[in-house]
Structures are given as structure tokens and as C-alpha cells.
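The opening position of the sequence shown corresponds to residue 1 in my numbering, with each subsequent residue numbered one higher.
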Amino acid sequence: MEICQRCNKREAITVIGGRKLCEYCARDEIIKRVRREIYDSKQFSYNDKVAIIIEEEFGPLSALLKFIIDKACYKCKLIIDEVKVNVQKDNINDIIWNMIIEAEKLQHKIKVLPFTSDFLLSYLIYSISSQDSNYLSFAKVMTIFNNNIFFIPLYSTSINELKGFAEIKLRWRDEMFNKIYEWTLSYLQENYELFHTFHSSIKLFQGKTCKLCNAFINEGEYCQRCNKILASLSRPY
Ligand SMILES: [Zn+2]
Ligand SMILES: [Zn+2]
């Protein structure tokens, strides 16, 4: 049995920031990490309304995010709702697009996206080979646009690092994305430090963003999905 490198008492079950930690210390490290993000952002105040935006495939992260955010800022007495978004499509970009658009309609001050670092790294690989606009614009702790504050508390935390709370397994309907995701997870089991190098790769994509959903786009003002919606709204009937 490997001993936790923080408390030197209990059995280590996961690695966080290069240290082997037990269940108790692992939880504490993640809560502290999210607490730092909340305080550094200066966006949270007492009694703020927070919405966790969840599509079915992110389901296992919903209650966990609520628990972590609540604990991370226990003095704020945040009012946290889990908001389910139903998407009938399989494509990962369609799913994210719907989550963003639905989140923008909410009155909550803070909108939480359930993206983890393993998800974002898989998404980076997926986006390289795709011609689609992409949502790597959300691969950071806070994204503010159109008077919306999007908080991505787990952008640098992988599901492996969440083992102190629960063993999480995510499965994606988008077959291509699911393959990349499974490969990423198995590869990174041994090379976990790579999770933290991908942020610099995201700079490759930086440029214009869609005015409605904040996706990175190559040209124009809106992404193809928002363009479609706007065109259908302006059609004279
Ligand atoms: Zn420990
Ligand atoms: Zn858009």
C-alpha cells in the first residue's frame, strides 16, 4: 500500500498536482483549488444564484460540482441549481452549443460548465481534425461575454483527480469523440502531467469568437449554428 504524501497516514488513491493522496486529502485539495478560483475571480458575492448546466452525458458531474462549489465557498451561501439541458443530437459541438445557448437564457448570475481537463484535452484533439467552429474558448476558469459569467471550475482538474469523491465514468454518444476520450484517459493514466500542458496548445485556436455562443470561428460574426438560428428567426412569415 502506498501512503498519502500529505497526511502520511492513509492509503493513497489518486495523484493530484504530482502528489499521491488519500481520499480525504484528495477531496480537500480539489475543494481548495476551486476555492482559490472563486476568490481570485472576484465574481462571487453572498447569496448569488449559480446554475450548473448539465446535459445528460455530463450527468455524473452534476451533484459533485454542486457539492464542491458549495464547500469551496461555504460563507457565500450560494443558491445552486442543477439545470438540465436536453439535446437530441449526438455531435459534441451541437451538445455544447445547446448548453451555452440555454445557459444564456437563465437569470442566474454565474453559469457553471461541467468541463474537466480530460474532456477539454480530448476536445482539443477532436477539434484539430475537424473543420467545425470550437469551444476551446471555454478552456479557462472564467469566460465572460454578453453579460454572462461562465465558470469552469474543473478546467484543470481531471476525473482521475476527482477519485476522492467518486469514480466517474463518462460515455459520449459522439462515437468519434468517445474514441478520442477513451484513448486520452488511458494514455494519461500514466502521463497525468500532460493534462497541464494543453493550455498552451489552445492558443493555436485563439482568434475570432461567435457573438452569440463564443465559439472560436474563422470568419464572420457568428458560428454556423448561430447563423442558422438567426436566419430562421429573421425569416418573414
Ligand atoms: Zn492523506
Ligand atoms: Zn455561435
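Cβ atoms here follow ideal geometry from the backbone N, Cα and C, with glycine treated the same way.
Review point. From this set, Ile168, Asn8, Ser156, which residue's C-alpha is nearest Leu120's C-alpha?
Key: Leu120 has its Cα closest to that of Ser156, out of Ile168, Asn8, Ser156.
Review point. Between Leu21 and ligand 1, is the CB less than 7 Å from at least one heavy atom?
Key: The beta carbon of Leu21 sits closer than 7 Å to at least one heavy atom of ligand 1.
Practice item. With Val112 as the anchor, note down where its alpha helix (DSSP H) starts and where it stops. Key: Counting along the chain, Val112 falls outside any alpha helix (DSSP H), though it belongs to the beta strand (DSSP E) covering 110-112.
Review point. With a cut-off of 8 Å, do at least 3 Cβ pairs link the region 28-48 to the region 65-80?
Key: Contact holds: three or more Cβ-Cβ distances are below 8 Å.
Point to revise | Heavy atom of ligand 2 within 7 Å of Leu136 beta-carbon | key: No, the Cβ of Leu136 stays beyond 7 Å of every heavy atom of ligand 2.
**Study point:** Collapsed DSSP secondary structure at Ile13 in the structure displayed
**Key:** Ile13 falls in the coil class under three-state DSSP.
Review point. From Asn148 to Glu167, what distance separates their C-alpha atoms?
Key: The straight-line gap from Cα to Cα measures roughly 31 Å.
**Study point:** Element boundaries [beta strand (DSSP E), containing Ala103]
**Key:** Counting along the chain, Ala103 falls outside any beta strand (DSSP E), though it belongs to the alpha helix (DSSP H) covering 92-105.
Point to revise | Distance cut 6 Å, beta-carbon to ligand 2 heavy atom: residue list by chain order | key: For ligand 2, residues qualifying as neighbours are Cys210, Leu212, Cys213, Ala215, Tyr222, Cys223, Arg225, Cys226, where qualification means a beta carbon closer than 6 Å to at least one of its heavy atoms (chain order).
Practice item. Use the C-beta contact count for Met246: other C-beta atoms within 10 angstroms, 16 or more gives buried, fewer gives exposed. Key: This structure leaves residue 246 out entirely; the chain is present only between 1 and 237.
Point to revise | Spatial distance of Lys84 from Val34 (CA atoms) | key: Distance between Lys84 and Val34, taken at the CA atoms: about 22 Å.
Review point. Asn160 to Arg19, Cα distance in whole Å?
Key: Distance between the alpha carbons of Asn160 and Arg19: 13 Å.
Check your understanding: For Glu23, which residues from the same chain have a beta carbon less than 6 Å from its beta carbon, with the 5 sequence-adjacent residues on both sides left out?
Key -> Excluding five sequence positions before and after Glu23, the CB atoms of its chain that fall closer than 6 Å to its own CB belong to Ile13, Gly164, given in chain order.
Practice item. May I ask you to verify whether the region 98-106 touches the region 116-130, counting CB pairs closer than 8 Å and requiring at least 3? Key: These segments do not touch.
Point to revise | Anticipated Cβ contact below 8 Å, Ile53 with Val112, distance rounded | key: Yes, they are in contact, since the Cβ atoms of Ile53 and Val112 sit about 6 Å apart, within 8 Å.
**Study point:** Simplified DSSP assignment, three categories, for Phe115
**Key:** Here DSSP, grouped into helix, strand and coil, assigns Phe115 to coil.
Point to revise | Uninterrupted alpha helix (DSSP H) stretches inside the region 195-223 (no shorter than 4 residues) | key: Qualifying alpha helix (DSSP H) stretches, in chain order: 198-201.
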